[in-house]
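So the structure is just underneath, and the comments pick up after that.
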């Protein structure tokens, strides 16, 4: 019973470590600040798509 509990605890700690590593590792100050000027529909790429289209 103790072995199963330790294995579950280890798996939970490994999950937390993987999530922390993928989200916050390497970023100074944690999460990036929210860009208030970006549109909700797709940001920079949505704005560039209009300029790339050929004229009709």
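Residue numbers (full-length UniProt numbering): 1 to 56. Cβ coordinates follow ideal geometry from the N, Cα and C atoms, glycine included. Keep in mind it's a predicted model, so treat the numbers as computed, not measured.
Just checking: is the beta-carbon of residue i within a distance shorter than 8 Å of some beta-carbon in chain B?
{"i": "residue 18", "result": "Looking for chain B here will not work: only one protein chain is present."}
With residue i as the anchor, note down where its alpha helix (DSSP H) starts and where it stops.
{"i": "residue 34", "result": "No alpha helix (DSSP H) holds residue 34; DSSP gives it neither H nor E."}
What is the DSSP secondary structure of residue i, counted as helix, strand or coil?
{"i": "residue 12", "result": "helix"}
{"i": "residue 1", "result": "coil"}
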